[in-house]
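Here the structure is laid out as structure tokens; the discussion comes afterwards.
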Amino acid sequence: MSTEKSASAELKEKLFNNRKNGRLVADEKTLQLTDEYCEGYKQFLDAAKTEREAVKTAIRMAEDKGFVAFERGKKYQAGDKVYINNRGKTVAFAVIGEEDVENGVNITAAHIDSPRLDLKPNPLYEELELALFKTHYYGGIRKYQWPTVPLALHGAFAKKDGSVVEVSIGEQADEPKFVVNDLLPHLAKEQSKRTLSEGIQGEELNILIGSHPFKDDAGSELVKLNIMKLLNEKYDIVEEDFLSAELEAVPAVGACDIGFDRTMIGAYGQDDRVCAYPALTAVLNVKNPKHTALAILTDKEEIGSCGNTGLESDFLRFVIRDLAMMQGGDGTVALRNSKCLSADVNAAMDPTFQGPFERRNASKLNYGVVLTKYTGARGKAGTSDASAEYTAEIRSLLDRENIIWQSGELGKVDEGGGGTVAQYIANLGVDVIDLGVPVLSMHAPFETTAKLDVYMCYRAMYEFMK
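The numbers in my numbering rise by one with no breaks, and the one at position 191 of the sequence shown is 300.
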């Protein structure tokens with residue numbers, strides 16, 4: 110049989126978008142590097158389940174690589190490595206380039222907050238001789254997914270004397286877990302009449318935390334009293350200290366391999382730590398870049414990037430200004446000359462729920478890192494919409510460095526949508542486009558990604574910043 114290609118086959122190969130499953134394209138060395146890289150990623154996921162923990166873990170990793178805290182007024186030379194910590198919840202890492210900062214910075218920006226259950230300011234109560242916490246969910250969750258999931262409690266109490274007491278309980282095998290309960294199906298007739306989005310309501314996301322009463326015949330709320338006694342003994346806090354606490358309930362499950370072939374990763378919080386880890390490790394590995402390389406890991410993206418630790422604040426502007434001023438340059442000019450990869454996830458097409466996706470523009474697992482020209486909802490609301498020229502520049506970089514990549518869009522036009530930090534960076538005059546990892550079950554307590562896509566995200570960010 111002839112092996113010669115027909116004229117149409119040759120023309121299709123030349124003209125059509127013929128991207129293939131990355132595992133069919135990658136060589137064995139690349140697949141080996143992928144597996145090795147993702148072992149570190151899984152460790153990061155387990156160590157950094159909240160934005161506070163992500164910042165601490167990232168700084169520890171950076172200091173091991175020679176990064177030091179940035180000092181205003183100090184002169185830094187090409188190749189120097191610095192970080193700027195913003196209130197323990199946002200952090201920027203920079204490697205000073207050979208070119209002046211005013212000539213532009215190569216920025217990668219990812220967020221380190223994830224959907225979760227936050228405790229209310231007055232969370233602790235007793236009902237039917239059981240102790241519970243009231244919660245206020247954070248970010249876009251599907252509320253029905255959170256009951257009957259083992260939960261851990263992370264965060265901190267800030268006390269009136271200025272001290273901060275850190276909390277992490279429920280992650281270790283010998284530690285207790287917590288849970289939001291649900292009705293048994295035998296008695297759920299009325300609940301089952303609710304719509305899916307209202308199957309569990311926000312005020313029903315109450316976390317069960319104890320049942321043993323304080324041993325005293327007199328008085329009420331003895332279970333609550335016993336819980337406060339335990340908390341006082343362990344953390345030296347009183348009930349009023351909850352008012353100045355940041356406590357987050359997250360799934361008490363570790364990152365793990367998914368599938369018989371171990372090609373995927375399952376974990377909580379991969380949106381967006383699956384991009385934060387590549388951004389971090391890329392800047393940590395950069396040496397002597399032409400342009401200053403900057404990775405910023407930011408808070409509050411899931412609720413609109415608001416507040417002084419979100420990217421709607423002036424933190425990035427101040428970082429660039431301080432770096433430029435260190436060389437006698439202008440921060441505004443530096444921003445206008447800068448380029449950015451907004452490192453955020455895209456929705457991978459789900460084989461079971463294909464309806465909301467537009468097949469020709471949906472990302473898929475194992476097809477590499479996703480280049481997303483615009484995000485937003487319906488009529489592109491809340492997006493920066495990267496220019497054709499900048500999109501072409503990043504396409505060229507990815508192909509030149511043999512990085513496996515795909516393009517993607519967040520579902521059908523009228524199905525919904527979502528935004529990223531790209532719009533806030535674009536507002537500063539920076540060229541920016543979204544690039545990240547496709548995710549299954551995004552915003553669920555347990556999300557799934559493909560290892561190859563994670564590694565290609567790292568490679569893209571490293572080549573961009575180096």
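Ideal placement from N, C-alpha and C gives every residue a C-beta, glycine not left out.
None of these values were measured; they are calculated from a predicted model.
Extent of the continuous alpha helix (DSSP H) to which residue i belongs
{"i": "Pro387", "result": "Gln379 to Asn394"}
{"i": "Gly545", "result": "Careful: Gly545 lies outside any alpha helix (DSSP H), inside the beta strand (DSSP E) at Asp540 to Gly545."}
{"i": "Val274", "result": "Run containing Val274: none in the alpha helix (DSSP H); it sits in the beta strand (DSSP E), Val273 to Ile278."}
{"i": "Met170", "result": "Glu160 to Asp173"}
{"i": "Val134", "result": "Gly131 to Val134"}
Chain E within 8 Å of residue i, Cβ atoms only
{"i": "Asn126", "result": "Looking for chain E here will not work: only one protein chain is present."}
Length of the line joining the Cα atoms of residue i and residue j
{"i": "Asn469", "j": "Trp514", "result": "Correcting the residue type first, residue 469 is Arg in the shown sequence and not Asn. About 15 Å."}
{"i": "Gln310", "j": "Val392", "result": "42 Å"}
{"i": "Lys269", "j": "Asp350", "result": "8 Å"}
{"i": "Lys521", "j": "Met458", "result": "11 Å"}
{"i": "Gly437", "j": "Gly206", "result": "15 Å"}
{"i": "Leu549", "j": "Thr558", "result": "6 Å"}
{"i": "Thr374", "j": "His552", "result": "According to the sequence displayed, residue 374 carries Ile and not Thr. Those two C-alpha atoms are separated by around 15 Å."}
{"i": "Ile278", "j": "Leu241", "result": "16 Å"}
{"i": "Val539", "j": "Gly440", "result": "12 Å"}
{"i": "Pro387", "j": "Val273", "result": "30 Å"}
{"i": "Arg426", "j": "Leu444", "result": "8 Å"}
{"i": "Leu124", "j": "Thr372", "result": "31 Å"}
{"i": "Leu406", "j": "Glu238", "result": "43 Å"}
{"i": "Lys286", "j": "Thr500", "result": "46 Å"}
{"i": "Leu260", "j": "Glu312", "result": "17 Å"}
{"i": "Val442", "j": "Gly213", "result": "8 Å"}
{"i": "Tyr253", "j": "Gly525", "result": "19 Å"}
{"i": "Phe424", "j": "Asn194", "result": "10 Å"}
{"i": "Leu317", "j": "Leu339", "result": "15 Å"}
Where the beta strand (DSSP E) containing residue i begins and where it ends
{"i": "Leu228", "result": "Arg225 to Glu236"}
{"i": "Val210", "result": "No beta strand (DSSP E) contains Val210, which DSSP labels as neither H nor E."}
{"i": "Val258", "result": "That residue, Val258, is in no beta strand (DSSP E); it is neither H nor E in DSSP."}
{"i": "Phe415", "result": "The question names Phe, but residue 415 in the sequence shown is Cys. Careful: Cys415 lies outside any beta strand (DSSP E) and carries neither H nor E."}
{"i": "Leu241", "result": "Leu239 to Tyr247"}
{"i": "Glu355", "result": "Ala354 to Pro360"}
{"i": "Ile374", "result": "Met373 to Ala376"}
{"i": "Ala282", "result": "From DSSP, Ala282 is part of no beta strand (DSSP E); its letter is neither H nor E."}
Cβ-based burial, residue i [other Cβ within 10 Å; buried from 16]
{"i": "Glu556", "result": "buried"}
{"i": "Arg568", "result": "buried"}
{"i": "Val177", "result": "exposed"}
{"i": "Leu403", "result": "buried"}
{"i": "Lys333", "result": "buried"}
{"i": "Arg382", "result": "buried"}
{"i": "Pro294", "result": "exposed"}
{"i": "Val347", "result": "exposed"}
{"i": "Thr304", "result": "exposed"}
At what residue ranges does the region 480-565 contain a whole run of the alpha helix (DSSP H), taking only runs of 4 or more? 497-509 and 531-535
Would you call the region 216-227 and the region 244-252 in contact, with 3 or more CB pairs under 8 Å? Taking a contact to require three or more Cβ pairs closer than 8 Å, the region 216-227 and the region 244-252 qualify as touching.
Ignoring anything shorter than 3 residues, give me the beta strand (DSSP E) runs that lie fully in the region 439-477, in order along the chain. 448-451
Threshold first: 3 residues or longer. Then list the beta strand (DSSP E) segments lying entirely within the region 286-346, N to C. 316-319
Can we say the region 408-424 touches the region 228-236, given the rule of at least three CB pairs closer than 8 Å? The region 408-424 is not in contact with the region 228-236.
Check whether the region 178-198 touches the region 156-168, taking contact to mean three or more Cβ pairs, one atom from each stretch, closer than 8 Å. yes
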